[in-house]
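Just so it is clear: in the sequence shown, position 361 is 361 by full-length UniProt numbering, and no numbers are missing.
Only one structure is covered here, and it is reproduced in the block below.
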Amino acid sequence: MTDIKDLPKKSGPSGGWGSMKGIKRIHAESHADPAAFDTLRRQNKPGGFMCSSCAFPKPANYKPFEFCENGAKATLWEQTRDRCTPEFWEHHTVESLKDWTDHELESTGRLTAPMRYDAATDRYVEVTWDEAFQGIAATLNRLPADDVVFYSSGHAGLEASYLYALLARLHGTNNLPQSSNMCHETTSVGLKKVIGSPVGTVIWDDIDATDCYFFFGQNPGTNSPRFLHWLKELKDRGGKIVTFNPVREQGLISFVNPQSPVDMATGRETVISDQYHQVRAGGDVAAILGMCKAVIEVDDEAARTGGELVIDHDFIAEHTTGFDTFIDFARRTHWSDIEHHSGLAEADLRAAAAVYMEHDRVIGVYGMGLTQHAHGALNIAMLVNFLCLRGNIGKTGAGVCPIRGHSNVQGQRTVGIAEKAGLVPMDKLRELFGFEPPQEDGTHIVDAVEGLIDGRIKGFVSLGGNLARAVPDQKRMEAAWARQELTVMISTKLNRSHLFPGRDAYILPCLSRAEIDEQATGNQVITVEDSFSHIHGSTGKRTPASPKLKSELEIVARIGKASLPPNPKVRWDDWIGDYGLVRDLIEATYPDDFRDFNERMFEPGGFWRGVPARDRIWKTESGKAEITTPPQLTSLGYGEKDGRYRLITMRSNDQFNTTIYGYSDRFRGIEGTRDVLLMNQMDMAELNLIKGDKVAMVSDYDDGEDRRLGGLSVIPFDLPRGTVGSYYPECNVLIAISHHDELSKTPASKSVPVRIERDGLAQS
Ligand SMILES: Nc1nc2c(c(=O)[nH]1)N[C@H]1C(S)=C(S)[C@@H](COP(=O)(O)OP(=O)(O)OC[C@H]3O[C@@H](n4cnc5c(=O)[nH]c(N)nc54)[C@H](O)[C@@H]3O)O[C@H]1N2
Ligand SMILES: Nc1nc2c(c(=O)[nH]1)N[C@H]1C(S)=C(S)[C@@H](COP(=O)(O)OP(=O)(O)OC[C@H]3O[C@@H](n4cnc5c(=O)[nH]c(N)nc54)[C@H](O)[C@@H]3O)O[C@H]1N2
Ligand SMILES: [Mo]
Numbered sequence: 001m002t003d004i005k006d007l008p009k010k011s012g013p014s015g016g017w018g019s020m021k022g023i024k025r026i027h028a029e030s031h032a033d034p035a036a037f038d039t040l041r042r043q044n045k046p047g048g049f050m051c052s053s054c055a056f057p058k059p060a061n062y063k064p065f066e067f068c069e070n071g072a073k074a075t076l077w078e079q080t081r082d083r084c085t086p087e088f089w090e091h092h093t094v095e096s097l098k099d100w101t102d103h104e105l106e107s108t109g110r111l112t113a114p115m116r117y118d119a120a121t122d123r124y125v126e127v128t129w130d131e132a133f134q135g136i137a138a139t140l141n142r143l144p145a146d147d148v149v150f151y152s153s154g155h156a157g158l159e160a161s162y163l164y165a166l167l168a169r170l171h172g173t174n175n176l177p178q179s180s181n182m183c184h185e186t187t188s189v190g191l192k193k194v195i196g197s198p199v200g201t202v203i204w205d206d207i208d209a210t211d212c213y214f215f216f217g218q219n220p221g222t223n224s225p226r227f228l229h230w231l232k233e234l235k236d237r238g239g240k241i242v243t244f245n246p247v248r249e250q251g252l253i254s255f256v257n258p259q260s261p262v263d264m265a266t267g268r269e270t271v272i273s274d275q276y277h278q279v280r281a282g283g284d285v286a287a288i289l290g291m292c293k294a295v296i297e298v299d300d301e302a303a304r305t306g307g308e309l310v311i312d313h314d315f316i317a318e319h320t321t322g323f324d325t326f327i328d329f330a331r332r333t334h335w336s337d338i339e340h341h342s343g344l345a346e347a348d349l350r351a352a353a354a355v356y357m358e359h360d361r362v363i364g365v366y367g368m369g370l371t372q373h374a375h376g377a378l379n380i381a382m383l384v385n386f387l388c389l390r391g392n393i394g395k396t397g398a399g400v401c402p403i404r405g406h407s408n409v410q411g412q413r414t415v416g417i418a419e420k421a422g423l424v425p426m427d428k429l430r431e432l433f434g435f436e437p438p439q440e441d442g443t444h445i446v447d448a449v450e451g452l453i454d455g456r457i458k459g460f461v462s463l464g465g466n467l468a469r470a471v472p473d474q475k476r477m478e479a480a481w482a483r484q485e486l487t488v489m490i491s492t493k494l495n496r497s498h499l500f501p502g503r504d505a506y507i508l509p510c511l512s513r514a515e516i517d518e519q520a521t522g523n524q525v526i527t528v529e530d531s532f533s534h535i536h537g538s539t540g541k542r543t544p545a546s547p548k549l550k551s552e553l554e555i556v557a558r559i560g561k562a563s564l565p566p567n568p569k570v571r572w573d574d575w576i577g578d579y580g581l582v583r584d585l586i587e588a589t590y591p592d593d594f595r596d597f598n599e600r601m602f603e604p605g606g607f608w609r610g611v612p613a614r615d616r617i618w619k620t621e622s623g624k625a626e627i628t629t630p631p632q633l634t635s636l637g638y639g640e641k642d643g644r645y646r647l648i649t650m651r652s653n654d655q656f657n658t659t660i661y662g663y664s665d666r667f668r669g670i671e672g673t674r675d676v677l678l679m680n681q682m683d684m685a686e687l688n689l690i691k692g693d694k695v696a697m698v699s700d701y702d703d704g705e706d707r708r709l710g711g712l713s714v715i716p717f718d719l720p721r722g723t724v725g726s727y728y729p730e731c732n733v734l735i736a737i738s739h740h741d742e743l744s745k746t747p748a749s750k751s752v753p754v755r756i757e758r759d760g761l762a763q764s
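Here is the structure:
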């Protein structure tokens with residue numbers, strides 16, 4: 001049992017022996033067989049399989065072990081020898097499993113057979129695949145098309161995803177929300193608005209050529225550890241890294257390269273961030289504005305004295321709009337306001353701006369720390385302003401670099417998983433498949449949850465994911481989820497969303513990416529797109545966890561075949577037999593992105609589908625990159641108030657989203673528990689709290705709903721005052737579904753307004 005009094009423990013550098021131990025521990029705890037290590041050796045290499053964990057790009061010049069601690073954990077976790085078989089349900093009712101933790105649910109092992117919920121006994125019971133598909137078809141066809149949602153989490157490959165989107169549209173709906181609606185939707189909408197690209201502009205050439213990174217709210221040590229090798233390479237060649245993050249994340253502080261025997265033996269650490277600015281949660285708008293103001297002041301001074309200008313005025317004139325209004329605003333904004341809203345000192349922001357001005361090739365990296373706010377799109381627009389000042393978009397070594405989440409989250413959007421009808425070439429679909437595609441926009445995840453809560457949505461098909469656990473307003477969501485007519489979960493492992501079955505409910509177990517996918521024409525290849533818009537083929541070589549598993553593509557196609565009238569142009573069986581035919585369809589639908597798809601899919605490093613903004617072609621309304629004058633100095637959707645804290649919902653190093661591998665967040669020194677509230681020591685003193693006190697967080701979002709999470713132990717932590725931290729998904733009970741980014745509806749999971757009370761006793 002962990003003694004809270006010992007937390008946080010001292011944490012070591014990222015990488016190093018700690019990461020090796022982490023991999024070894026998961027290997028033991030997941031009961032993966034020794035051959036699973038062979039699988040790891042083939043991970044992320046041409047001819048091998050592409051890690052099913054994160055979307056960090058896979059290089060052409062790969063390293064002996066092209067995986068990281070968390071990629072290894074994800075693979076080993078999938079390759080467990082434990083099985084959640086039909087017999088499991090002889091010992092457990094669904095109700096009894098609701099007390100299990102997420103970790104316990106997934107630890108039951110890989111799902112092995114298709115199951116259907118039996119309300120009489122409150123258990124799932126095995127059915128044949130035919131029974132499952134017929135049952136799903138019957139219920140699906142009873143429901144109006146727009147009452148059903150086809151959700152996907154970003155795991156499934158491009159082929160299955162393309163068919164999944166087609167399946168929904170053949171049923172007559174664009175209800176195709178995706179996990180990115182909770183994640184980088186802010187990028188898809190916000191970045192698109194300002195530079196005309198829904199994805200980042202950076203590719204490997206830029207990573208190799210850059211001399212400086214600015215990191216905003218992205219945590220590579222935990223969430224994209226392979227990135228650390230390139231950060232180290234930058235440091236080795238004398239480049240600089242500046243970080244903005246309320247939390248001092250170990251991966252952005254120091255790194256020991258586990259691929260280097262010398263570094264491992266000597267423990268030689270590379271310092272990652274040259275400057276680390278602990279901005280307040282939601283304070284990036286002010287922080288970036290402060291840096292821009294400092295740059296503008298230097299430029300103004302140079303203009304006055306005949307010195308060297310630091311702003312790239314040629315770029316600004318040729319490629320941007322809105323510059324004059326913005327610099328005028330920056331000049332007029334007082335440093336005191338910038339300091340207040342960012343929580344950072346003028347001198348520190350000037351120092352950061354100085355690094356920016358000293359380098360010619362700067363990349364702006366960002367993650368959930370910018371996207372998950374009520375004005376997340378404004379954060380992104382501010383970062384684009386900052387980069388534009390010195391022409392840092394569309395030149396080698398520079399650019400904007402959102403780091404995506406799931407391994408194929410970006411690619412699924414590319415091949416048509418989109419609720420916005422305008423993003424999909426419907427005319428092509430009409431021509432290829434001889435049907436009238438729906439033209440109305442479908443539901444975003446926020447609309448879907450609201451629809452579930454008010455009863456409009458009556459059926460959910462989930463291609464991966466654990467939506468009931470991943471979304472805000474989780475308590476209301478669970479109740480609503482179970483009121484549905486139909487729930488179909490295509491999954492690898494048991495999770496909480498399975499415990500709220502609809503009236504007709506199925507769990508359909510699928511192959512994992514490392515497994516052999518044998519079809520009529522042999523073992524099938526699938527493809528994924530990484531964060532740098534490169535497409536890679538992936539081949540599984542392991543024996544499937546159960547002979548009854550089916551591939552995601554086959555499951556999708558068989559649902560289609562069972563539920564839709566025959567159509568000579570819709571050849572489900574042929575597509576199941578040869579995924580290459582589906583790639584041909586993808587190429588026919590998106591010829592510019594997927595030219596010679598089948599021939600190019602194994603190009604080392606993947607083939608690049610191109611991003612116009614990288615060539616300074618701006619597909620925005622104005623035809624230019626748009627410089628935005630911020631209407632406010634924070635990304636918050638609420639004001640400041642006594643007793644109101646901003647909660648950051650965090651990921652530990654021992655989880656992948658709702659999959660909890662264990663209870664060791666070693667980079668933050670939090671071991672043995674996730675029920676913690678991390679808090680600034682002075683904030684604790686103000687509330688008369690000492691380490692280990694039990695508290696509850698109560699939502700301070702003014703919509704009349706009661707939201708509360710108790711049983712948390714307070715731990716003093718190095719955080720800015722007023723910013724507190726606690727783990728996702730546990731905190732999802734505290735987030736209102738209506739509290740989201742204005743433009744893209746991405747839930748504001750990084751600035752949740754909360755009050756803190758002693759558990760059971762309101763704080764005065
Ligand atoms: N091991 C592991 N890897 C993962 C995942 C996982 O759960 N586990 N999830 C995958 C997915 S789906 C995604 S989307 C990515 C997520 O990867 P990231 O984008 O790194 O997401 P988070 O860890 O949620 O938050 C990132 C950082 O934002 C900081 N932050 C919070 N609020 C603010 C703010 O207001 N301003 C600034 N500047 N920073 C802030 C937090 O302290 C944190 O360090 O990772 C992917 N990879
Ligand atoms: N408070 C708060 N909430 C958040 C976030 C946050 O930072 N804070 N982050 C948000 C983000 S960035 C995201 S992306 C979402 C994630 O939301 P989801 O994508 O819905 O959730 P995951 O936890 O990734 O899904 C895990 C489940 O996927 C299934 N699975 C795993 N691998 C496969 C596979 O290969 N195929 C199939 N078919 N199934 C598979 C397993 O059954 C597993 O239980 O959560 C969001 N929610
Ligand atoms: Mo994500």
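No residue lacks a Cβ here, since even glycine has one placed at the ideal position from N, Cα and C.
Practice item. Pull up the distance between the alpha-carbon of Q763 and that of I756, whole angstroms please. Key: Reading the sequence shown from its first residue, position 763 is the one you call residue 763. Reading the sequence shown from its first residue, position 756 is the one you call residue 756. Confidence in Q763 is poor, its pLDDT being 44 and thus under 50, which makes the residue's placement unreliable; the coordinate value appears in the next sentence. Going from the Cα of Q763 to the Cα of I756 covers about 7 Å.
Exercise for review: Check whether the Cβ of N466 lies closer than 8 Å to any heavy atom of ligand 3, and answer yes or no.
Suggested key: Within the sequence shown, numbered from 1, the residue matching residue 466 stands at position 466. Answer for N466: no, Cβ out of range of ligand 3.
Check your understanding: Between A418 and the rest of its own chain, which residues show a CB-CB distance below 7 Å, the 5 nearest in sequence each way excluded?
Key -> The residue you call residue 418 lines up with position 418 of the sequence shown. Within the same chain, L176 and V424 come within 7 Å of A418 by CB-CB distance, once the 5 residues on both sides are set aside.
Practice item. Within its chain, find whatever has a CB closer than 8 Å to the CB of I311; leave out the 5 residues flanking it on each side and keep chain order. Key: As a first step, residue 311 must be located in the sequence shown, where it is residue number 311. Apart from sequence neighbours up to five positions away, the residues of its chain that approach I311 with a beta-carbon distance below 8 Å are V295, I296, D299, L389 and R390, ordered along the chain.
Practice item. Output yes or no for whether 9 Å exceeds the beta carbon distance between N70 and S52. Key: Taking the sequence shown and counting its residues from 1, one reaches residue 70 at position 70. Taking the sequence shown and counting its residues from 1, one reaches residue 52 at position 52. In this structure, N70 lies away from S52, with their beta-carbon atoms at least 9 Å apart.
Review point. If we ignore side chains and look at the alpha-carbon of each, how far apart do N141 and W129 end up?
Key: Working through the sequence shown from its first residue, we reach residue 141 at position 141. Working through the sequence shown from its first residue, we reach residue 129 at position 129. Using only the alpha carbons, I get a separation of about 18 Å.
Check your understanding: By DSSP, does Q519 sit in helix, in strand, or in coil?
Key -> Within the sequence shown, residue 519 is the residue found at index 519, counting from 1. The answer is strand: DSSP assigns Q519 an E or B state.
Check your understanding: How many Å lie between G397 and V365 at the Cα?
Key -> Indexing the sequence shown from 1 puts residue 397 at position 397. Indexing the sequence shown from 1 puts residue 365 at position 365. Distance between the alpha carbons of G397 and V365: 13 Å.
Exercise for review: Kindly examine ligand 1 and report whether one of its heavy atoms sits closer than 8 Å to the Cβ of C183.
Suggested key: Along the sequence shown, read from residue 1 onward, the residue named residue 183 stands at position 183. Within 8 Å of the C-beta of C183 there is at least one heavy atom belonging to ligand 1.
Review point. In terms of alpha-carbon separation, which member of K240, F255, F216 and L76 lies closest to H229?
Key: As a position in the sequence shown, residue 229 is number 229, starting the count at 1. If we check each option's Cα against that of H229, F255 comes out closest.
**Study point:** Pick from L677, D596, N657 and T589 that is closest to L166, judged by C-alpha positions
**Key:** Indexing the sequence shown from 1 puts residue 166 at position 166. It is T589.
Check your understanding: If you pair each beta-carbon of the stretch 687 to 696 with each one of the stretch 505 to 524, do three or more pairs fall below 8 Å?
Key -> Verdict: no, contact absent.
Check your understanding: Between W618 and G376, what straight-line distance do the alpha-carbon atoms span, to the nearest angstrom?
Key -> For this step, residue 618 is matched to residue 618 along the sequence shown. For this step, residue 376 is matched to residue 376 along the sequence shown. The alpha-carbon of W618 is positioned some 21 Å away from that of G376.
Practice item. Between the Cα of M368 and those of T649, G455 and N385, spot the shortest distance and give me the residue it belongs to. Key: As a position in the sequence shown, residue 368 is number 368, starting the count at 1. If we check each option's Cα against that of M368, T649 comes out closest.
Exercise for review: With hydrogens ignored, establish whether the beta-carbon of H31 is closer than 8 Å to any heavy atom of ligand 1.
Suggested key: One-based indexing of the sequence shown puts residue 31 at position 31. Exclusion of H31 from the 8 Å shell around ligand 1 follows from its C-beta lying no nearer than that to any non-hydrogen atom of the ligand.
Practice item. Indicate the three-state DSSP secondary structure (helix, strand or coil) for S512 in the structure shown. Key: If you number the sequence shown from 1, residue 512 lands on position 512. Coil, per DSSP.
Practice item. Grab the span of the beta strand (DSSP E) containing L370 for me, first residue to last. Key: Position 370 of the sequence shown holds residue 370. In the DSSP annotation of this structure, L370 is not part of any beta strand (DSSP E); the continuous alpha helix (DSSP H) holding it starts and ends at M368 to T371.
Exercise for review: Return helix, strand or coil for G238, following the three-state DSSP convention.
Suggested key: Here the question's residue 238 lines up with position 238 in the sequence shown. In the structure shown, G238 falls within a coil segment according to DSSP collapsed to helix, strand and coil.
Review point. For R668, which option in T492, D654 and L581 has the closest C-alpha, if you only look at C-alpha atoms?
Key: Residue 668 sits at position 668 when you count from the first residue of the sequence shown. Its Cα nearest to that of R668, the residue D654 stands out among T492, D654 and L581.
Review point. If you follow the beta strand (DSSP E) that C731 is part of, which residue opens it and which one closes it?
Key: Residue 731 sits at position 731 when you count from the first residue of the sequence shown. Neither: C731 is in no beta strand (DSSP E) and is coded neither H nor E.
Check your understanding: Using 9 Å as the limit for Cβ to Cβ distance, is N567 near chain B?
Key -> Of the protein chains in the structure, only one exists, and it is not chain B.
Point to revise | Cβ contact check for the stretch 403 to 411 and the stretch 528 to 545: 3 or more pairs under 8 Å | key: Touching, yes, given that three or more Cβ pairs across the two stretches are closer than 8 Å.
Practice item. Give a single yes or no on whether C404 has its beta carbon closer than 8 Å to a heavy atom of ligand 3. Key: The count along the sequence shown starts at 1 and reaches residue 404 at position 404. According to the sequence displayed, residue 404 carries Arg and not Cys. Because some heavy atom of ligand 3 lies under 8 Å away, the Cβ of R404 counts as near it: yes.
Check your understanding: Using CA coordinates, which residue listed in Y661, N688, E621 and E626 is at the minimum distance from G643?
Key -> In the sequence shown, residue 643 corresponds to position 643, counting from 1. Proximity to G643 across Y661, N688, E621 and E626 peaks at N688, based on C-alpha coordinates.
Check your understanding: Cβ of N657 versus every heavy atom of ligand 5: is any distance shorter than 8 Å?
Key -> In the structure shown, ligand 5 is absent; the only ligands present are ligand 1, ligand 2 and ligand 3.
Review point. Does the beta-carbon of A209 have 16 or more other beta-carbons within 10 angstroms, so that it is buried, or is it exposed?
Key: Numbered from 1 along the sequence shown, position 209 holds the residue referred to as residue 209. Label assigned to A209: exposed.
Review point. At a cut of 8 Å, does the stretch 42 to 52 reach the stretch 538 to 548 through at least three beta carbon pairs?
Key: Touching, yes, given that three or more Cβ pairs across the two stretches are closer than 8 Å.
**Study point:** A545 beta carbon less than 9 Å from that of F133
**Key:** Taking the sequence shown and counting its residues from 1, one reaches residue 133 at position 133. Taking the sequence shown and counting its residues from 1, one reaches residue 545 at position 545. Contact flag unset, no.
**Study point:** Bridge-paired residues (DSSP) for I490
**Key:** As a first step, residue 490 is located in the sequence shown; it is residue number 490 there, counting from the start. For I490, which the question treats as bridged, DSSP gives the partners L463 and L508.
**Study point:** Cβ-heavy atom distance, K750 to ligand 1, below 8 Å
**Key:** In the sequence shown, the residue the question calls residue 750 occupies position 750. Flag set: Cβ of K750 near ligand 1.
Point to revise | Cut-off 7 Å between Cβ atoms - residues of its own chain near Y728, not counting five sequence neighbours on either side | key: Counted from its first residue, the sequence shown places residue 728 at position 728. The answer, listed in chain order, is T649, M650, R651 and S749.
Point to revise | Residues near E29 in its chain [Cβ-Cβ closer than 7 Å; skip 5 each side] | key: Indexing the sequence shown from 1 puts residue 29 at position 29. Cβ contact annotation for E29 (same chain, cutoff 7 Å, sequence separation greater than five): G662, in chain order.
Review point. Nearest-angstrom Cα distance between A374 and S180?
Key: For the purposes of this step, residue 374 is taken as the residue at position 374 of the sequence shown. For the purposes of this step, residue 180 is taken as the residue at position 180 of the sequence shown. So the two alpha carbons sit approximately 16 Å from each other.
Exercise for review: Identify the continuous alpha helix (DSSP H) that holds M50 and give its terminal residues.
Suggested key: Looking up residue 50 in the sequence shown gives position 50. Per DSSP, M50 belongs to no alpha helix (DSSP H) and is neither H nor E.
Check your understanding: Any chance the CB of M650 is under 8 Å from a heavy atom of ligand 3?
Key -> The residue labelled residue 650 in the question sits at position 650 within the sequence shown. Incorrect: M650 has no Cβ contact closer than 8 Å to ligand 3.
Point to revise | Contact test: M368 Cβ vs ligand 3 heavy atom, cutoff 8 Å | key: On the sequence shown, residue 368 is found 368 positions in, with the first residue counted as 1. At least one heavy atom of ligand 3 is nearer than 8 Å to the Cβ of M368, so yes.
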